[in-house]
Amino acid sequence: KLKAEIAKLKNTDPQQGKMTLEGLLALYEESIQGLAEHTRATRKSIVKRFKETWPHGLQMQVSAISAGQIQLWLSKHQARLKNSSYNEYLRFLRHLFTIAINHKVIAESPVMSFKQLRVEKPVRQTPSWDEFLQLVADIRNQKFNADATDSADLVEFMGRAGVGTAECANLMGENIDFTGGRITLYRKKTDVGYVVPMYPQVKGLLERMNEAGKIKGGQAVFKVKDPKKALDAACKRLKLANYSSRALRRCFITRAVEMGIDFKTISAWQGHQDGGVLIAKTYSHLRMEYSDKMAAKMTE
2 KLKAEIAKLK
12 NTDPQQGKMT
22 LEGLLALYEE
32 SIQGLAEHTR
42 ATRKSIVKRF
52 KETWPHGLQM
62 QVSAISAGQI
72 QLWLSKHQAR
82 LKNSSYNEYL
92 RFLRHLFTIA
102 INHKVIAESP
112 VMSFKQLRVE
122 KPVRQTPSWD
132 EFLQLVADIR
142 NQKFNADATD
152 SADLVEFMGR
162 AGVGTAECAN
172 LMGENIDFTG
182 GRITLYRKKT
192 DVGYVVPMYP
202 QVKGLLERMN
212 EAGKIKGGQA
222 VFKVKDPKKA
232 LDAACKRLKL
242 ANYSSRALRR
252 CFITRAVEMG
262 IDFKTISAWQ
272 GHQDGGVLIA
282 KTYSHLRMEY
292 SDKMAAKMTE
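Residue numbers for the sequence shown follow our numbering, so the first one is 2 and each next one is one higher.
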């Protein structure tokens, strides 16, 4: 045990050992500046809650914080948190004390033995292709809404091209190549572009938008950035499930799987780099259903 303690001491700096929790939190807040806006907002809210509820004061030395103290603090919040939110709190603590280790304030993290909770997969509602077409038509038919046509264009493109709001927000006129039949998409989170075919089911929409002067170089293709309001209202009017904008991408993928398109191809269309592993895990049950339908045709 003495050897282990000596080894720990060698990994710490006596001058840094006096760092307070307040100083460590300041370093943490600096470290998250480069994260995506949504992720940064989540981390900041956890930091705020930590500062408000940590019972031992922020002037406490980091080296004096024990695993038991942190466990008690986490336990007080666990009852009100979903498992996924609890895991976010734990990720915050792991990151916080990793910074302390990197600055040689402590040799070991007091949360190193803490385990994440299992997160149950939520039931994600996905519209059928017919429901998707009904939603688009309903949004487009709202004559007293000035944004109805623009909202309908966005929703229709998302479902027919299988893309999310981030890609649509970054889509510029020059990213649509009618001659080559290609669309270049960009994700804000990765800032990496990928190219997809101009599927026949989306080509007609883009040609109509082009004729209406909505597709121009140096100009965003879609005026509406988020179709949530239009989509929510249409779902209520049609008495459908409350489909989210992400459900439109799932609708596209589901239809592609049901039409027999392989997972690797669908994965490439989604800009994934895993060769179809994620799509296969998520939608393999649909392939089996499709296979069963086809097998039923193999009669005498």
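Cβ atoms here follow ideal geometry from the backbone N, Cα and C, with glycine treated the same way.
Limits of the alpha helix (DSSP H) - the one that MET140 falls within: Walking along the sequence shown from the start, residue 140 turns up at place 139. The sequence given here has Ile at residue 140, not Met. For ILE140, the uninterrupted alpha helix (DSSP H) run begins and ends at 130-141, by DSSP.
Residue(s) in a DSSP beta bridge with ASN231: Here residue 231 is taken as the residue at index 230 of the sequence shown, counted from 1. At residue 231 the sequence reads Ala, which differs from the Asn that was named. In the DSSP output, where bridge partners are listed per residue, ALA231 has none listed.
Distance, LEU22 Cα to HIS78 Cα: As a position in the sequence shown, residue 78 is number 77, starting the count at 1. As a position in the sequence shown, residue 22 is number 21, starting the count at 1. HIS78 and LEU22 have their alpha carbons spaced roughly 19 Å apart.
GLY219 versus SER268 - alpha carbon distance: Residue mapping note: residue 219 aligns to position 218 of the sequence shown, counting from 1. Residue mapping note: residue 268 aligns to position 267 of the sequence shown, counting from 1. The alpha-carbon separation between GLY219 and SER268 amounts to approximately 29 Å.
Three-state secondary structure assigned by DSSP to ARG183: Position 182 of the sequence shown holds residue 183. DSSP places ARG183 in strand when its eight states are reduced to three.
Buried versus exposed, by CB contacts within 10 Å (16 or more), SER114: Within the sequence shown, the letter at position 113 stands for residue 114. Counting Cβ neighbours within 10 Å, SER114 comes out exposed, since fewer than 16 surround it.
Sequence-distant residues of the same chain with beta carbon closer than 8 Å to LEU91, five excluded per side: The count along the sequence shown starts at 1 and reaches residue 91 at position 90. Excluding positions up to five away in sequence, the list reads LEU75, VAL112, PHE115, GLN117.
Where PHE253 falls, given that 16 or more other Cβ within 10 Å makes a residue buried: Locating residue 253 in the sequence shown gives position 252, where the first residue counts as 1. Counting Cβ neighbours within 10 Å, PHE253 comes out buried, since at least 16 surround it.
Expected contact under 8 Å - CB spacing of SER246 and MET159 to nearest Å: Start at 1 with the first residue of the sequence shown, and residue 246 comes out as number 245. Start at 1 with the first residue of the sequence shown, and residue 159 comes out as number 158. Cβ-Cβ separation between SER246 and MET159: approximately 6 Å, consistent with a contact (criterion under 8 Å).
Cβ pair count under 8 Å reaching 3, the stretch 145-157 against the stretch 229-237: Contact between the stretch 145-157 and the stretch 229-237 is present, because at least three Cβ pairs lie under 8 Å.
VAL203 - DSSP class collapsed to helix/strand/coil: Your numbering for residue 203 matches position 202 in the sequence shown. In the structure shown, VAL203 sits in a helix (DSSP, three-state: H, G or I).
Cβ-based neighbour list, ALA80, same chain, cut-off 6 Å, excluding 5 preceding and 5 following: One-based indexing of the sequence shown puts residue 80 at position 79. Cβ within range, chain order: n/a, list empty.
Cβ pair count under 8 Å reaching 3, the stretch 134-143 against the stretch 254-265: As far as the Cβ criterion goes, the stretch 134-143 does not touch the stretch 254-265, which means the pair count is below three.
Member of ALA170, GLN17, MET61 whose CA lies at the smallest distance from the CA of PHE223: Counting from 1 along the sequence shown, the entry for residue 223 is found at position 222. Ranking the options by Cα distance to PHE223, first place goes to ALA170.
Through-space distance from TYR87 to LYS49, alpha-carbon basis: Your numbering for residue 49 matches position 48 in the sequence shown. Your numbering for residue 87 matches position 86 in the sequence shown. Separation of LYS49 and TYR87 (C-alpha to C-alpha, rounded to the nearest whole angstrom) is 15 Å.
ALA235 classed as buried or exposed, judged by whether at least 16 other C-beta atoms fall within 10 angstroms: Position 234 of the sequence shown holds residue 235. Taking a 10 Å sphere around the C-beta of ALA235, we find 16 or more other C-beta atoms and assign the residue as buried.
Test item: CB-CB of ILE100 and SER32 under 8 Å: Here residue 100 refers to the residue found at position 99 of the sequence shown. Here residue 32 refers to the residue found at position 31 of the sequence shown. The answer is yes: Cβ separation under 8 Å.
Neighbour-count burial assignment, MET210, 16 or more Cβ in a 10 Å radius: Along the sequence shown, one-based indexing puts residue 210 at 209. The residue is buried, with at least 16 neighbouring Cβ atoms inside 10 Å.
Supposed close pair ALA248, GLN126 - CB separation, criterion 8 Å: Residue mapping note: residue 248 aligns to position 247 of the sequence shown, counting from 1. Residue mapping note: residue 126 aligns to position 125 of the sequence shown, counting from 1. Indeed, because the Cβ distance is near 6 Å, the residues count as touching under 8 Å.
Alpha helix (DSSP H) segment containing VAL196, residue limits: What you label residue 196 is simply residue 195 of the sequence shown in a count that begins at 1. Looking at the DSSP string, VAL196 is not in any alpha helix (DSSP H); the run it does join, the beta strand (DSSP E), is 193-198.
First and last residue of the uninterrupted alpha helix (DSSP H) at THR43: Position 42 of the sequence shown, counted from the first residue, corresponds to residue 43. Where THR43 is concerned, the enclosing alpha helix (DSSP H) starts and stops at 38-54.
Alpha-carbon spacing of PRO198 relative to ASN243, whole angstroms: Here the question's residue 198 lines up with position 197 in the sequence shown. Here the question's residue 243 lines up with position 242 in the sequence shown. PRO198 and ASN243: Cα-Cα distance of roughly 30 Å.
Presumed contact (8 Å Cβ cut-off) between ARG183 and GLU168, rounded CB distance: Within the sequence shown, residue 183 is the residue found at index 182, counting from 1. Within the sequence shown, residue 168 is the residue found at index 167, counting from 1. Not confirmed; about 14 Å, so no contact.
Terminal residues of the alpha helix (DSSP H) in which ARG251 lies: Start at 1 with the first residue of the sequence shown, and residue 251 comes out as number 250. Note, ARG251: alpha helix (DSSP H), 246-259.
Nearest-angstrom beta carbon gap, PHE98 and ILE107 [assumed within contact, 8 Å]: The residue labelled residue 107 in the question sits at position 106 within the sequence shown. The residue labelled residue 98 in the question sits at position 97 within the sequence shown. Indeed, because the Cβ distance is near 7 Å, the residues count as touching under 8 Å.
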